[in-house]
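Undergrad: In terms of this note's numbering, the sequence shown is residues 32 to 203.
Okay, here's the structure, questions in a sec.
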Amino acid sequence: MLYYENRVSDFQVNLVSNWEFFPHAHHNIEILVCTSGIFGVSCRDTDCSLAPGDMMIAFSHDIHSYRKTGEGTGILMIMNPQELPLFQTRFQERKYENFLMGGGKFYISVAEALFHEYLTDRKREVLIGYLYVLLGSAFKKLSYTEAGPGISEDLFSSVMKYLSEHYSEPFP
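As structure tokens, this is what we get:
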């Protein structure tokens, strides 16, 4: 089963524990930083585990899911790619091959600071700044293929993109 979310919220941060969520996709970017324990994740038909300090990034329309593999806690961030205009061309012009990276205490520290800001002041500029730090450090480790005339989207991705841009209400 696959669920397509047409998310209304542009920015969301949650603390998740012993969490599981079935395969889904949406237009937004979703980042999970494991802060303790282990998380089972799947993205684009690849299963793996997140250990403390690991970060997973599901880009727009990537099918991803979470499963319990023990006691795991993490910080989940979901945002519209348009919230990050400095990286907009990176999202549009590149197809990223990997989605998981280790960053150790650095990713945990930045994610915890972002979560604290989200709970207290919610100053958008500060939240976006933390996201730029996380994504900027991740982009140094991500491998990609330049999107262009030679790379075409598969049919599923094209349909998902069309639905997210044209339908905001649930189907009957």
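Just so you know, even glycine gets a beta-carbon here, dropped at the ideal spot from N, CA and C.
Under the assumption that L145 contacts Y161 (Cβ atoms under 8 angstroms), give the Cβ distance between them as a whole number of angstroms.
TA: On the sequence shown, position 114 is the one that residue 145 refers to. On the sequence shown, position 130 is the one that residue 161 refers to. Right, their Cβ atoms sit about 4 angstroms apart.
Undergrad: Would you tell me roughly how many angstroms separate the C-alpha atoms of S140 and M86, rounded to the nearest one?
TA: Locating residue 140 in the sequence shown gives position 109, counting from the first residue. Locating residue 86 in the sequence shown gives position 55, counting from the first residue. Roughly 12 angstroms separates the two Cα atoms.
Undergrad: Measure the C-alpha to C-alpha separation of M108 and L46 and round it to an integer number of angstroms.
TA: One-based indexing of the sequence shown puts residue 108 at position 77. One-based indexing of the sequence shown puts residue 46 at position 15. Cα to Cα, M108 sits roughly 9 angstroms from L46.
Undergrad: What are the partner residues of T104, as DSSP defines its beta bridges?
TA: Counted from its first residue, the sequence shown places residue 104 at position 73. In DSSP, T104 forms a bridge with S48, S67.
Undergrad: Does P83 come out as helix, strand or coil in the three-state DSSP assignment?
TA: For the purposes of this step, residue 83 is taken as residue 52 along the sequence shown, with counting starting at 1. If DSSP states are grouped into helix, strand and coil, P83 belongs with coil.
Undergrad: Excluding the 5 residues preceding and the 5 following A142 in the sequence, name in chain order all residues of the same chain whose CB lies nearer than 6 angstroms to its CB.
TA: Counting from 1 along the sequence shown, the entry for residue 142 is found at position 111. Hits under 6 angstroms: V64, I106.
Undergrad: So which of E102, A89, T104, R98 has the shortest CA-CA distance to N111?
TA: On the sequence shown, residue 111 is found 80 positions in, with the first residue counted as 1. N111 has its Cα closest to that of A89, out of E102, A89, T104, R98.
Undergrad: Just to confirm before moving on: does the CB-CB distance between F42 and E114 stay below 8 angstroms?
TA: Stepping through the sequence shown from its first residue, residue 42 is reached at position 11. Stepping through the sequence shown from its first residue, residue 114 is reached at position 83. Yes; because the gap between Cβ atoms is below 8 angstroms, this pair is in contact.
Undergrad: Shortest alpha-carbon distance to P116 belongs to which of K171, L166, P54?
TA: Here residue 116 corresponds to residue number 85 of the sequence shown, with the count starting at 1. Closest option to P116, Cα to Cα, is L166.
Undergrad: Buried or exposed: F53, going by 16 or more other Cβ atoms within 10 Å of its Cβ?
TA: Locating residue 53 in the sequence shown gives position 22, counting from the first residue. By the 10 Å Cβ count, F53 comes out exposed.
Undergrad: Need the endpoints of the beta strand (DSSP E) that L131 sits in, please.
TA: Here residue 131 refers to the residue found at position 100 when the sequence shown is read from its first residue. Start and end: 131 to 133.
Undergrad: Tell whether a beta-carbon distance below 8 angstroms holds between C74 and F130.
TA: Stepping through the sequence shown from its first residue, residue 74 is reached at position 43. Stepping through the sequence shown from its first residue, residue 130 is reached at position 99. Contact flag set, yes.
Undergrad: Give me the Cα-Cα distance between V72 and K171, rounded to the nearest whole angstrom.
TA: For this step, residue 72 is matched to residue 41 along the sequence shown. For this step, residue 171 is matched to residue 140 along the sequence shown. When rounded, the distance between both Cα atoms is 22 angstroms.
Undergrad: Sort I94, T77, T100, H95 by Cα distance to F70 and report the nearest one.
TA: Numbered from its first residue, the sequence shown carries residue 70 at position 39. Comparing Cα-Cα distances from F70 to each of I94, T77, T100, H95, the minimum goes to T100.
Undergrad: Suppose contacts are defined by Cβ-Cβ distances below 8 angstroms. Is G135 in contact with G103 by that definition?
TA: Residue numbering aside, residue 135 sits at position 104 when the sequence shown is read from its first letter. Residue numbering aside, residue 103 sits at position 72 when the sequence shown is read from its first letter. No, these two residues do not count as a Cβ contact at 8 angstroms.
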